[in-house]
Amino acid sequence: MSRKMSKNHSPRENDPYYDGVPDYMIDVYDWAYVDPKWARALDRNWVVRVLLFFNDQRLIRAYLNEIREGTRVWQVAHVYGDMVTRAAKKVGPSGAFHLTDITPAQIEHATRKLAGMDWARVIRADASSHADADQKPYDLICSFFLLHEVPEEKKHAIVNHMLAKLPRNGKAVFVDYDNPAWWQPIRYILKVVNHYLEPFAEAMWKNPIQHYASQADRFTWRKTGFFGGVYQCVIVEHKA
Ligand SMILES: C[S@@+](CC[C@H](N)C(=O)[O-])C[C@H]1O[C@@H](n2cnc3c(N)ncnc32)[C@H](O)[C@@H]1O
Numbered sequence: 041m042s043r044k045m046s047k048n049h050s051p052r053e054n055d056p057y058y059d060g061v062p063d064y065m066i067d068v069y070d071w072a073y074v075d076p077k078w079a080r081a082l083d084r085n086w087v088v089r090v091l092l093f094f095n096d097q098r099l100i101r102a103y104l105n106e107i108r109e110g111t112r113v114w115q116v117a118h119v120y121g122d123m124v125t126r127a128a129k130k131v132g133p134s135g136a137f138h139l140t141d142i143t144p145a146q147i148e149h150a151t152r153k154l155a156g157m158d159w160a161r162v163i164r165a166d167a168s169s170h171a172d173a174d175q176k177p178y179d180l181i182c183s184f185f186l187l188h189e190v191p192e193e194k195k196h197a198i199v200n201h202m203l204a205k206l207p208r209n210g211k212a213v214f215v216d217y218d219n220p221a222w223w224q225p226i227r228y229i230l231k232v233v234n235h236y237l238e239p240f241a242e243a244m245w246k247n248p249i250q251h252y253a254s255q256a257d258r259f260t261w262r263k264t265g266f267f268g269g270v271y272q273c274v275i276v277e278h279k280a
């Protein structure tokens, strides 16, 4: 239910930055992606670097390495810093790069970053229901650190929708948190961070990403772990 429809009327009810934004975003991530002041302040490469404990470049590469020039790519949510620009440039003018996001502030940032790239489109949509107006299949669909930020039912809906949009020769890429090894000190830092700031994240420690797919056995799931199991990149394709 969006805030606009919520019974808890807030002073932000008529603020366009909050219009149609789901409650979980306002309740948990207002400071990060909804309030335009904060979103503007945080949209920087160094923020991504710190949040990912200096693993940003190799995790970004895990996605960018899958992009082929001239293909059709859907990135399901915006990411701070220059990653979306790099992804769109790699697709190039002979392809199509579609970026969706649910909050007006993030849509503004993405639109600014991708200005001048005619092959890139920024679309305000929920990753669990985005319908491409061209109705052409995507070669690559990527979720970069989105799943850990959404409630369980939304994780199911996003994974199922991404897989439903995946053509037989397409690839889905999920880069996200995983279950860190017991010896990885970051495990204990993240326990505290998750407790106070990221209530939907620890489910990623318990469930493999295929847990969220209702027809997981129709696909192959190829996982690479990073940084003592803190992060994972999972590449999903239809079974031959
Ligand atoms: C992909 S995550 C990226 C997290 C990472 N901390 C970063 O560096 O930006 C955050 C984005 O997901 C968006 N988002 C949250 N729920 C969404 C949904 N259901 N559909 C599309 N985008 C969503 C948020 O608005 C935000 O821009």
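If you read the sequence shown in our numbering, its first letter stands for residue 41, the second for the next number, and so on.
Ideal placement from N, C-alpha and C gives every residue a C-beta, glycine not left out.
Alpha-carbon spacing of residue i relative to residue j, whole angstroms
i, j, result
"ALA280", "ASP96", "32 angstroms"
"ILE142", "VAL68", "14 angstroms"
"LYS263", "TRP245", "14 angstroms"
"PRO239", "ARG98", "26 angstroms"
"HIS251", "TRP261", "11 angstroms"
"GLY121", "PRO220", "25 angstroms"
"GLY268", "PHE94", "13 angstroms"
"PHE78", "ILE226", "Looking at the sequence shown, residue 78 is not Phe but Trp. Answer to the nearest angstrom: the Cα atoms are 25 angstroms apart."
"HIS278", "ASN209", "7 angstroms"
"PHE137", "VAL233", "33 angstroms"
"HIS201", "LYS195", "10 angstroms"
"LYS47", "PRO177", "At LYS47, the pLDDT of 46 sits below 50, so the modelled position is not reliable and the matter cannot be decided from this model."
"SER169", "LEU230", "30 angstroms"
Cβ neighbours of residue i in the same chain (closer than 8 angstroms, five flanking residues each side left out)
i, result
"LEU186", "VAL116, ALA117, ALA167, ILE198 and ASP216"
"GLY132", "GLU109, GLY110 and TRP159"
"HIS49", "Note that HIS49 has pLDDT 49, beneath the 50 cutoff, so the model's placement of it is unreliable and no number is given."
Per-residue DSSP class, three states only, for residue i
i, result
"VAL274", "strand"
"ASP96", "helix"
"THR125", "helix"
"GLN250", "helix"
"HIS118", "coil"
"ILE226", "helix"
"HIS170", "coil"
"SER46", "Its pLDDT being 47, under 50, SER46 is placed unreliably by the model, and nothing is read from it."
"LYS195", "helix"
"LYS205", "coil"
"ALA165", "coil"
"ALA160", "strand"
"LYS130", "helix"
Closest by C-alpha distance to residue i, when choosing among the options
i, options, result
"VAL190", "TYR64, GLY60, ASN54 and TYR58", "TYR64"
"GLU193", "GLY265, ALA243 and THR151", "ALA243"
"TRP223", "HIS235, VAL270 and VAL74", "VAL270"
"PRO76", "PHE214, PRO56, ILE249 and ALA204", "PRO56"
"ASN256", "ILE275, ALA241 and VAL113", "Note that residue 256 corresponds to Ala in the displayed sequence, not to Asn. Of the listed residues, the one whose Cα sits closest to ALA256 is ILE275."
"THR125", "ASP218, LYS176 and ILE100", "ILE100"
"LYS205", "TRP114, LEU91 and ALA241", "TRP114"
"ALA165", "LEU139, GLY265 and LEU92", "LEU139"
"VAL119", "ASN54, PRO248, MET157 and LYS153", "LYS153"
"MET157", "PHE184, SER169 and ALA127", "ALA127"
Contact test: residue i Cβ vs ligand 1 heavy atom, cutoff 7 angstroms
i, result
"SER134", "no"
"ILE142", "yes"
"TYR284", "Residue 284 cannot be examined here, being either before or after the span of the chain that is shown, 41 to 280."
"GLU189", "yes"
"PHE184", "yes"
"ASP166", "yes"
"TYR120", "yes"
"LYS194", "yes"
Residue i Cβ short of 7 angstroms to ligand 2 heavy atom set
i, result
"ASP67", "Of the ligands one can find in the structure shown, namely ligand 1, none is ligand 2."
Contact set for residue i: own chain, Cβ-Cβ below 7 angstroms, skip 5 residues either direction
i, result
"TYR58", "ARG43, ARG52, ILE66 and VAL74"
Sequence-distant residues of its chain with Cβ nearer than 6 angstroms to residue i (five each side left out)
i, result
"HIS149", "ASP83"
"VAL213", "TYR103, GLU106, CYS182 and ILE275"
"THR151", "VAL162"
"VAL87", "TYR120"
8 angstroms Cβ cutoff, residue i in contact with chain D
i, result
"MET202", "Of the protein chains in this structure there is only one, and it is not chain D."
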